[in-house]
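Peer 1:
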Amino acid sequence: MNDWVIALIKVVFIWTWTLIIATIMTWVERRGSAMIQDRLGPNRAGPFGLFQPLADGIKLFTKEDIIPEKAHKILFNLGPILFALPAFSAYAVVPFGDKIVIGGKEILLQVADVNVGFLYIVAVGSMAVYGIVVGGWGSNNKYSILGGLRSTAQLISYEVPWGIVLLTTVMVYGTFSLREISLAQQGTFLGFLPNWGIFKQPLGFILFIVTAYAEANRVPFDLPEAESEIVAGYHTEYGSMRLGLYLFGEYVNMYTLAALMVTLFFGAWHLPYVDMSKFLSPFAYGIASFLVFFAKVAFFLWLFVWVRWTVPRFRYDQVMGLGWKALIPLALANLFITALVVQLTV
Amino acid sequence: MARPVVEKKYSFTERIYLYEIVKGLGLTWKHFVKNFTASLKRGPHTVPTCWQYPEDRREISPIFRGEHLLLLDEQGREKCVGCGMCARACPAKCITVKRGKVAEGEESRYAGKTYCEEFQIDLLRCIFCGFCEEACPKGAIALGKGYELARYTPGECQLTKEKMLANYRREKELGILKPPRKPVPVAGAAKEAAAKAKGADEGKAKD
Amino acid sequence: MSRQLDAQAGHGTGDFVTINIGPSHPAMHGTLRVVALTDGETIVEADPEIGYLHRGVEKLAENLTYHQFIPITDRLNYCSAITNNVAYEMAVEKLMGIEIPDKAKVIRSIMMELARISDHIVCVGILGVDLGAFTPFFYLFIQREELYEIFEWYNGARLTNTFGRIGGVEADLPEDFEERWRRLVPNLRKAIDETDKLLTHNRIWMDRTIGVTAFSAEDALNWGFTGPCLRACGVKRDLRKDEPYYLYDQLSFEVPVGKHGDVFDRYMVRMIEMEESIKLVDQLLKIYKEFGPDDPLMAKVPKVLKGPEGEVYAAIESPNGELGFYVKGDGSDKPYRVKIRPPCYMVYQAFPELVKGEMVADLIACLSSLNIIAGELDR
Amino acid sequence: MDFQERVKACVGDDLVSMTEFRGDVSVTVPRTRIVQVLTRLKEAEGLKFDFLSDLFGVDNSALGKGKKKGKKEDEEAPAAPKPPRYEVVYLLLSIEYNHRLMVKVQVEEGQMEVPTVTSIWKAANWPEREVFDMFGIRFKGHPNMKRLLMWDGFPAHPLRKDYPLEGEGEERRLVYGDA
Numbered sequence: 001m002n003d004w005v006i007a008l009i010k011v012v013f014i015w016t017w018t019l020i021i022a023t024i025m026t027w028v029e030r031r032g033s034a035m036i037q038d039r040l041g042p043n044r045a046g047p048f049g050l051f052q053p054l055a056d057g058i059k060l061f062t063k064e065d066i067i068p069e070k071a072h073k074i075l076f077n078l079g080p081i082l083f084a085l086p087a088f089s090a091y092a093v094v095p096f097g098d099k100i101v102i103g104g105k106e107i108l109l110q111v112a113d114v115n116v117g118f119l120y121i122v123a124v125g126s127m128a129v130y131g132i133v134v135g136g137w138g139s140n141n142k143y144s145i146l147g148g149l150r151s152t153a154q155l156i157s158y159e160v161p162w163g164i165v166l167l168t169t170v171m172v173y174g175t176f177s178l179r180e181i182s183l184a185q186q187g188t189f190l191g192f193l194p195n196w197g198i199f200k201q202p203l204g205f206i207l208f209i210v211t212a213y214a215e216a217n218r219v220p221f222d223l224p225e226a227e228s229e230i231v232a233g234y235h236t237e238y239g240s241m242r243l244g245l246y247l248f249g250e251y252v253n254m255y256t257l258a259a260l261m262v263t264l265f266f267g268a269w270h271l272p273y274v275d276m277s278k279f280l281s282p283f284a285y286g287i288a289s290f291l292v293f294f295a296k297v298a299f300f301l302w303l304f305v306w307v308r309w310t311v312p313r314f315r316y317d318q319v320m321g322l323g324w325k326a327l328i329p330l331a332l333a334n335l336f337i338t339a340l341v342v343q344l345t346v
Numbered sequence: 001m002a003r004p005v006v007e008k009k010y011s012f013t014e015r016i017y018l019y020e021i022v023k024g025l026g027l028t029w030k031h032f033v034k035n036f037t038a039s040l041k042r043g044p045h046t047v048p049t050c051w052q053y054p055e056d057r058r059e060i061s062p063i064f065r066g067e068h069l070l071l072l073d074e075q076g077r078e079k080c081v082g083c084g085m086c087a088r089a090c091p092a093k094c095i096t097v098k099r100g101k102v103a104e105g106e107e108s109r110y111a112g113k114t115y116c117e118e119f120q121i122d123l124l125r126c127i128f129c130g131f132c133e134e135a136c137p138k139g140a141i142a143l144g145k146g147y148e149l150a151r152y153t154p155g156e157c158q159l160t161k162e163k164m165l166a167n168y169r170r171e172k173e174l175g176i177l178k179p180p181r182k183p184v185p186v187a188g189a190a191k192e193a194a195a196k197a198k199g200a201d202e203g204k205a206k207d
Numbered sequence: 001m002s003r004q005l006d007a008q009a010g011h012g013t014g015d016f017v018t019i020n021i022g023p024s025h026p027a028m029h030g031t032l033r034v035v036a037l038t039d040g041e042t043i044v045e046a047d048p049e050i051g052y053l054h055r056g057v058e059k060l061a062e063n064l065t066y067h068q069f070i071p072i073t074d075r076l077n078y079c080s081a082i083t084n085n086v087a088y089e090m091a092v093e094k095l096m097g098i099e100i101p102d103k104a105k106v107i108r109s110i111m112m113e114l115a116r117i118s119d120h121i122v123c124v125g126i127l128g129v130d131l132g133a134f135t136p137f138f139y140l141f142i143q144r145e146e147l148y149e150i151f152e153w154y155n156g157a158r159l160t161n162t163f164g165r166i167g168g169v170e171a172d173l174p175e176d177f178e179e180r181w182r183r184l185v186p187n188l189r190k191a192i193d194e195t196d197k198l199l200t201h202n203r204i205w206m207d208r209t210i211g212v213t214a215f216s217a218e219d220a221l222n223w224g225f226t227g228p229c230l231r232a233c234g235v236k237r238d239l240r241k242d243e244p245y246y247l248y249d250q251l252s253f254e255v256p257v258g259k260h261g262d263v264f265d266r267y268m269v270r271m272i273e274m275e276e277s278i279k280l281v282d283q284l285l286k287i288y289k290e291f292g293p294d295d296p297l298m299a300k301v302p303k304v305l306k307g308p309e310g311e312v313y314a315a316i317e318s319p320n321g322e323l324g325f326y327v328k329g330d331g332s333d334k335p336y337r338v339k340i341r342p343p344c345y346m347v348y349q350a351f352p353e354l355v356k357g358e359m360v361a362d363l364i365a366c367l368s369s370l371n372i373i374a375g376e377l378d379r
Numbered sequence: 001m002d003f004q005e006r007v008k009a010c011v012g013d014d015l016v017s018m019t020e021f022r023g024d025v026s027v028t029v030p031r032t033r034i035v036q037v038l039t040r041l042k043e044a045e046g047l048k049f050d051f052l053s054d055l056f057g058v059d060n061s062a063l064g065k066g067k068k069k070g071k072k073e074d075e076e077a078p079a080a081p082k083p084p085r086y087e088v089v090y091l092l093l094s095i096e097y098n099h100r101l102m103v104k105v106q107v108e109e110g111q112m113e114v115p116t117v118t119s120i121w122k123a124a125n126w127p128e129r130e131v132f133d134m135f136g137i138r139f140k141g142h143p144n145m146k147r148l149l150m151w152d153g154f155p156a157h158p159l160r161k162d163y164p165l166e167g168e169g170e171e172r173r174l175v176y177g178d179a
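Protein chains in written order, with this note's numbering: chain C, 1 to 346; chain D, 1 to 207; chain R, 1 to 379; chain X, 1 to 179.
1) Output yes if chain R places a C-beta closer than 7 Å to the C-beta of residue 309 of chain C; else output no.
2) Any idea what DSSP makes of residue 183 of chain D, helix, strand or coil?
3) Do residue 298 of chain R and residue 184 of chain D have their CB atoms nearer than 7 Å?
4) Assuming contact is defined by CB atoms lying nearer than 7 Å, are residue 349 of chain R and residue 151 of chain X in contact in what I supplied?
5) Please identify, using Cβ separations under 8 Å, the residues of the region 93-112 of chain R that lie next to chain X, in order along the chain.
6) Under the three-state reduction of DSSP, which class applies to residue 298 of chain R: helix, strand or coil?
7) Just grab the DSSP bridge partners of residue 24 of chain X for me.
8) Can you list the alpha helix (DSSP H) stretches of 4 or more residues lying completely in the region 138-180 of chain C, in chain order?
9) Does the beta carbon of residue 163 of chain R come closer than 7 Å to any beta carbon on chain C?
10) What does the Cβ neighbour count give for residue 218 of chain R, buried or exposed, with the cut at 16 atoms within 10 Å?
11) Helix, strand or coil, according to DSSP, for residue 123 of chain R in the structure here?
12) Within its chain, find whatever has a CB closer than 7 Å to the CB of residue 62 of chain X; leave out the 5 residues flanking it on each side and keep chain order.
13) Closer than 9 Å by beta-carbon distance: list the chain C residues that pair up with residue 208 of chain R, in chain order.
14) Rounded to a whole number of angstroms, what is the C-alpha to C-alpha distance between residue 4 of chain R and residue 168 of chain R?
15) In angstroms, rounded to a whole number, what distance separates the CA positions of residue 198 of chain R and residue 6 of chain D?
16) I'd like the span of the beta strand (DSSP E) that includes residue 17 of chain D, first residue to last.
17) Would you say residue 51 of chain R lies against chain X (beta-carbon separation less than 7 Å)?
18) Using 8 Å as the cut-off, can you tell me whether the region 55-65 of chain R makes contact with the region 114-130 of chain R, which would need three or more C-beta pairs spanning the two stretches below that distance?
19) Report the neighbours of residue 324 of chain R on chain X: residues whose CB is nearer than 9 Å to its CB, in chain order.
20) Would you tell me roughly how many angstroms separate the C-alpha atoms of residue 392 of chain C and residue 210 of chain C, rounded to the nearest one?
21) Mapping DSSP to helix, strand and coil, what is residue 4 of chain X?
22) Name the residue from R/264, R/138, R/161 and R/67 whose alpha carbon lies nearest to the alpha carbon of residue 148 of chain R.
23) Answer with yes or no whether the minimum CB distance from residue 121 of chain D to chain R is below 7 Å.
24) Can you give the Cα-Cα distance for residue 64 of chain C and residue 134 of chain C, rounded to whole angstroms?
25) Distance check for residue 175 of chain R and residue 60 of chain R, CA to CA, integer angstroms please.
26) Quick one: residues in its chain with C-beta nearer than 7 Å to the C-beta of residue 226 of chain C, no 5 flanking neighbours on either side, listed in chain order?
27) Given this structure, state the Cα-to-Cα distance separating residue 336 of chain R from residue 159 of chain X, to the nearest angstrom.
28) Check whether the region 239-247 of chain C touches the region 76-93 of chain C, counting contact only when three or more Cβ pairs, one atom from each stretch, lie closer than 8 Å.
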């Protein structure tokens, strides 16, 4: 098979896959929140209400597409696209499994094994803020602008500790490639722990997960769309599928961040203490690695939902305070200690 | 205005955010597991909040104040005599009653000598306070169990005599008619009765 | 938009933005409107505008008989309709010089304490929702549902109870009342406890509430605060203690007092008051059991109530504070003038002072913690 | 009664009348002296009415009309001089001593202006606006004398007795000369 064809298949697969996950996530969020809150949630469409996202999608598609009269037409249209595109493309460098052998050909379960995968993620990830700001500005609505501004400030401040944590992991593994980082997490650490990033970087993991919540605009950092304060934030004026794109983009972002968490800190597709490749056929191993990876991602996706329905929301200045006064110093200290340890041990 | 400055004093576990958040996560997880297992069960009202409405309905109080009924007595005669006390007691002024004299030969249909020719309740105005029920000297009107009051047109919201009688028949069939109102014990009533029994003198003296 | 604010924005020192919050906004309970002049996220000035739910209740009162006005009072503070009913009935009874039977007093007190719990549940739950914590809201509201069931079994309505009649109450407590209450108490305590666990010590919650819109006791008194909002400022004033009505002077209960008058203190005062109310109902039920089933529930009142010429003011401690009714009679069967003194009316007029210099998010938190009920505010 | 005497002593020369009904004491004072009287009451030893519980207006123009006519006593009684049409009632409360007092000022139809008490209690702010809104009584010196519940430009004052409960209402464009 041609490499191009394989790449194309991988791209199509991962797009469909993330879309499906994002769709299912809307269901998980609604049902999960319901269960947490002693409710039932949507359970009418299909078994367990599984077709609810479908119904939602149909609703979003068939709703009238309204552009406010005083809105900036181009920016208003551009907003959702700018938000959704980076969300979809960021996943390109994140692996979703080890490798699979089909017809004697070894296929990496990753769209592109770029050796500067980190930089790509950071670069594309920060693009998403433009979608929010442009959408917020283009709507010509004060709540939207407030949401956009909040989002900008928040994403910019949290990208710093996020970047520093990423840098720390790079230092630990000595590579920018996400695949190599994944591979390096096999085996055991200190003899009895799985050789996962979380055990090497416990503080780094906490910092990463906090900043990831802020990057994904999830509670407790959902200020850009804090509904009780600024109605719906940047997407107040949006309706129909434009709104759908924003909502989808958010879930895709969540998926990417969860996958990144697994890749960096939770041993990617490795099971603790067990090397699957030794007793599984290469094809079965490919599938198994994918499934293990996804199971881990699913846990973090659930954590996103779980946390959302447990904690209250921050205030704008407190988010800034936390970012600049707590997370950045901690991230820097973490970086410093890691550097020291790496320097001493190597 | 001098705003008081409040010093925030946090204990260590409060200061680090995560301890309390993890505790909270534990609590919500407990709820999740409980409700998840409950939701797998069949049957009405498996989780505390939800009733699967059209299929499952919550039990409503035997003295619920819903859509009105016009009551018949044991012989199937209309109790209402059309006196209009309900209309006078109504704070929302939603009742219209027209009194009519019972024609000869129709005595078997009506309990009294007069009857209501026309009895209309405007459900759009009604506030379901139940004062009509209390005001009625014959116990002819009652607030029933009907709580599904959505209608398509304003005209359908006019509760006519026929509709109220139909409501009564339906509720009687279902056996959910309101138990008759217990008379409220009034202060001094017992004493007065006793005084009457003893003699008029004491009753006067007490006054 | 407020003309005042426009002028200020025009030649002010900074670039201010006027944000119009409400009347239809997710955080505006009922239909309130606040025009806020903001400098970034900080509020320079806020101007609450009320009247969106003005239904002319006082005018209605003048055109209805004394009795007919009772259902209308349900619609004032719809979170605790029973306290409104009782406050009005108390005023009318005072006007007519009716002394209601002791059993009716006990029943009224019991129902009022239940209504207090349900009102505080709404306030605390909504405060959580407005600060982004959805879950405690549901844990509490399930219990409120049970409370409503108790109301429903008492006289057939859940929200707009039309409780009591002038001269007493319309019915005895249902037979299964105590059983229901006993069944409810552990669940209610658990729900309050869970709310406490999820919120009180959570640093995010503490940051959002402690010190936010703090108010001093003198200011609070000057602005006419009553109820939990005043107690949160550190003034121990509760009409149940200070001007005891019904049987409250025979009951033992604590009046929780805050310190700073901030959102956190208001929240805590309400949380503790719920506990106290549970204890109060238990005590009242003990008293209730001493009465026989045939003890009078109604004082002897004439069929057509005619108020004497004169005017009275009677107030009770409603969940929100001092709820008073001024009733003036002119000898006819209709009140000549009824003036309602809603507690949150007085509290809400201090709103611009409260939120000045705070952030937009605090405005919402403050509003929910004051428990502004539009029905009561606008009448 | 001790309390009444103290109030009397405190109000002093400004006392127009004093009544008691079912334990509620009310004093009437001249319209122009209200600020001074309330300040005295607020600071007086043994009274300390430091809390304004409420402030509202009453329209007395229909007083007595509700009673059933035809009673002999009514007809025989000489027509008393008509009291001023409006009343503004101040409900005072002493936090320290837990007693209440109604202070009233009577407002003639021609002179619809009462000095504001917002300088004593900020709590009087909205109630005074509401009285203006509902009765058309202006408060001199009030910082923001606008309508409160009705919208700006509403032509009538709805709690006046001549404003109809039902019917066309403001559509009839009830415009008062003094409004």
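Glycine is no exception: its CB is placed at the ideal position from the N, C-alpha and C atoms.
Peer 2: On the basis of the coordinates in this document:
1) Flagged as an interface residue toward chain R: residue 309 of chain C, by a C-beta distance shorter than 7 Å.
2) coil
3) A Cβ-Cβ contact shorter than 7 Å links residue 298 of chain R with residue 184 of chain D.
4) no
5) 94, 95 and 97
6) Residue state, collapsed to three classes: strand.
7) X/21
8) 142-173
9) no
10) exposed
11) helix
12) 161
13) Residues of chain C passing the Cβ test: 312, 313, 314, 315 and 318.
14) Low confidence applies to residue 4 of chain R: its pLDDT is 47, below 50, so where it sits in the model is not reliable, and the reading given next is rough at best. Each residue's alpha carbon lies about 50 Å from the other.
15) Using only the alpha carbons, I get a separation of about 23 Å.
16) First-last for residue 17 of chain D: undefined, no H or E at that position.
17) yes
18) no
19) 53, 54 and 91
20) Outside the shown range of chain C (1 to 346) lies residue 392 of chain C, about which nothing can therefore be said.
21) helix
22) R/161
23) no
24) 22 Å
25) Rounded to whole angstroms, residue 60 of chain R to residue 175 of chain R spans 36 Å at the Cα level.
26) 233 and 313
27) The C-alpha of residue 159 of chain X is placed about 11 Å away from the C-alpha of residue 336 of chain R.
28) Segments in contact, yes.
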